[in-house]
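Just so we're aligned: the sequence shown equals residues 1 to 165 in full-length UniProt numbering. C-beta: ideal position from N, C-alpha, C; glycine also. Notes for the one structure printed next.
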Amino acid sequence: MQYKIDNMVFSISKSRRLKIDKIPMENMLSYAQDSIDKKEAGGVVLGRFIKDSNDIVIDINTFPMKGDIRTRTRFKRGKRNHQKIIDKIWMESEGTCNYLGEWHTHPEENPTPSTTDINSWKKILKNDVYTSKNLYFIIIGTKSIGVWEGSSKTLEIKKINQYER
Numbered sequence: 001m002q003y004k005i006d007n008m009v010f011s012i013s014k015s016r017r018l019k020i021d022k023i024p025m026e027n028m029l030s031y032a033q034d035s036i037d038k039k040e041a042g043g044v045v046l047g048r049f050i051k052d053s054n055d056i057v058i059d060i061n062t063f064p065m066k067g068d069i070r071t072r073t074r075f076k077r078g079k080r081n082h083q084k085i086i087d088k089i090w091m092e093s094e095g096t097c098n099y100l101g102e103w104h105t106h107p108e109e110n111p112t113p114s115t116t117d118i119n120s121w122k123k124i125l126k127n128d129v130y131t132s133k134n135l136y137f138i139i140i141g142t143k144s145i146g147v148w149e150g151s152s153k154t155l156e157i158k159k160i161n162q163y164e165r
């Protein structure tokens, strides 16, 4: 997979962008299902809201852990171990590094969310505790990356596009 990793910026609106920093992007890309033996992988993404801006930056991601369910075509995140990391990072950052959403891989070139993905995301939007109005859902394909924004208010999920400079 060839990406310009230093520039993973997605346009949410004219005045809002989502940036995925280099390290979490490299981490997620390392799990791309670019061979038949690789199982789906995933975790959560954590980051910050930029002061005096509408921009959001993803700084950290979790990795597949004990308790996750992984097959070639399915990833289900276990709650306990990922939540421990979310809590630890939130405490260490004094509340500035927040849960921003989920990521996982798909064994397809241009990933699209499955019905299972959409239902899972809506459940997260409705039931989980988080500080923002929206969460972000990233799917790493074998040739491209898809990012979706979900609204906690309406449960609407929409694809956001990579920012073009």
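Span separating the alpha-carbon of residue i from that of residue j
| i | j | result |
| --- | --- | --- |
| E164 | I138 | Bear in mind that the predicted position of E164 carries a pLDDT of just 47, short of 50, making it unreliable; the figure below should be weighed with that in mind. Cα to Cα, the separation comes out at about 18 Å. |
| E26 | T154 | 32 Å |
| V9 | I160 | 10 Å |
| R77 | S15 | 32 Å |
| T96 | S114 | 32 Å |
| T131 | I89 | 14 Å |
Under the three-state DSSP convention, the category residue i falls into
| i | result |
| --- | --- |
| H106 | coil |
| N54 | coil |
| S11 | strand |
| I36 | coil |
| T112 | coil |
| E149 | strand |
| T142 | coil |
| R16 | strand |
Assigned exposure category for residue i - 16 Cβ within 10 Å defines buried
| i | result |
| --- | --- |
| N134 | buried |
| V44 | buried |
| I20 | buried |
Segment limits, alpha helix (DSSP H) that includes residue i
| i | result |
| --- | --- |
| E26 | 22-29 |
Opening and closing residue of the beta strand (DSSP E) in which residue i lies
| i | result |
| --- | --- |
| R70 | 69-71 |
Which listed residue (the options) has its alpha carbon closest to that of residue i
| i | options | result |
| --- | --- | --- |
| S144 | R17, I12, P24, D34 | D34 |
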